[in-house]
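Asks: Just so you know, we're using my numbering here: the sequence shown kicks off at 803 and counts up by one.
Cβ coordinates follow ideal geometry from the N, Cα and C atoms, glycine included.
Here the structure is a predicted model, which means the values were calculated and not measured.
Can you read through this structure? Questions will come right after.
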Amino acid sequence: MASIRLAAFTFTCALAASGAMAQSIGTLQKIKQSGEIVFGYRESAIPFSYIDANQNPVGFSIDLCNRIAAAVRDKLSLPSLRVKFEPVTASNRVPLLVNGAVDVECGSTTNTLERQKSVDFLNTTYVSGTRIMVQTSSNITSIADLKDKAIAVTAGTNNIKAIQQANQAGSLNLSLVYGKDHAESFLMLQNGRVSAFSTDDVLLYSIRAMSRNPVGTKVVGPLLSQEPYGLMIRRNDDEFKKFANDVLGGMFGNGEFKKTYYKWFNAPIPPKNINLSIPMSPELEKLMAAPNSHGV
């Protein structure tokens, strides 16, 4: 028992030291000293960040992060730069970024004013919004039809706030059930434990398309919020933020970003070669022309 406590204490101290170093010297200097850049990835946030059939992280956000890694390799003259991927969840992604365990979170994270108190974001790379998914056999057409029913939301996501606000505004008496990740939240809908599952609409469409029975569920109702997605970085690191935003800006301007978008939203993607067929939104088109990292 004593050895376990000692190991836990040592691990905690190591994380604290790593976080202190990252905050004091900046991300680029940290990468230069360590010879590696560490990306946090989500395991089931299709098509942004997920695991393919070979257990490798892939997705739209992963491609953006890999492009940043390539630019870092050139800037720091590190041809042997190691790119390391660490899994993160909705609940631990912010702490792992803050303490230096990861350098960039490559997922599907909404840029919120609340999160900006702890972390920073690169310029917006996707615009989504909160909606609900229900079983196709149900008569539910909007959140108003969920009065006195249970709804699954994923712990640590901004969708919780949108559902709570809709619950209060409509006096719906909803029972919120929290999944540890989107896969668990979706499973609760499939097995009938809840009447609906709510997250960002693009994720709902993606999860549905990748499921064993896509026709068994449907996405219904209007947007309950607007969610700007961005790659998450540490706060107060203006040098790295400008560098990474310049990389994204180059992609916006030379057509590379649109090609990457098409690859993941309008073409067959692994592991099932399903085409999500989600066109680029007018909101994202505008943000490509005038990038910003405004939160909500």
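Whose C-beta lies closer than 8 Å to the C-beta of Gly-1051 among residues of the same chain, with five residues either side of it excluded?
Replies: Asn-925, Pro-1093
Asks: Check Ala-810 in the structure and name its three-state DSSP category.
Replies: Residue placement at Ala-810 is flagged as unreliable, the pLDDT there being 45, under the threshold of 50; a coordinate-derived value is accordingly withheld.
Asks: Who are Leu-978's beta bridge partners in DSSP?
Replies: According to DSSP, which records beta bridges pairwise, Leu-978 is partnered with Ile-953.
Asks: Are there any heavy atoms of the ligand PLP lying less than 7 Å away from the beta-carbon of Asn-856, as far as the coordinates show?
Replies: Among the ligands in the structure shown, none appear at all, so the ligand PLP cannot be discussed.
Asks: Going by DSSP, what residue range makes up the alpha helix (DSSP H) through Ala-964?
Replies: 961–972
Asks: Determine the DSSP secondary structure at Gln-918, reduced to helix, strand or coil.
Replies: helix
Asks: Going by DSSP in three states, Met-1034 sits in which element: helix, strand or coil?
Replies: strand
Asks: Out of curiosity, what's the CA-to-CA distance linking Lys-1044 and Ile-833?
Replies: 16 Å
Asks: Is the distance from the Cβ of Ala-957 to the Cβ of Ala-892 below 8 Å?
Replies: A contact, by the Cβ cut-off of 8 Å.
Asks: Hey, would you say Leu-883 sits closer than 8 Å to Gly-842, going by beta carbons?
Replies: no
Asks: Is Asp-1002 near Glu-845, with beta carbons less than 8 Å apart?
Replies: Their beta carbons are not under 8 Å apart, which means Asp-1002 does not touch Glu-845 by this criterion.
Asks: Put Asp-865 into one of helix, strand or coil per three-state DSSP.
Replies: helix
Asks: With distances taken from CA atoms, which of Asp-950, Ala-952, Arg-933 is nearest Thr-943?
Replies: Nearest of Asp-950, Ala-952, Arg-933 to Thr-943, Cα basis: Arg-933.
Asks: In whole angstroms, give me the CA-to-CA distance for Leu-976 and Lys-951.
Replies: Roughly 5 Å between the two C-alpha positions.
Asks: Could you tell me if Ala-871 is buried or exposed, where buried requires 16 or more neighbouring beta carbons within 10 angstroms of its beta carbon?
Replies: If you draw a 10 Å sphere on the C-beta of Ala-871, you find 16 or more other C-beta atoms in it, and that means buried.
Asks: Give the DSSP-derived three-state secondary structure of Ile-945 in the structure shown.
Replies: helix
Asks: With distances taken from CA atoms, which of Ala-903, Arg-1010, Ile-1009 is nearest Arg-1036?
Replies: Checked all of Ala-903, Arg-1010, Ile-1009; the closest Cα to Arg-1036 is Ala-903.
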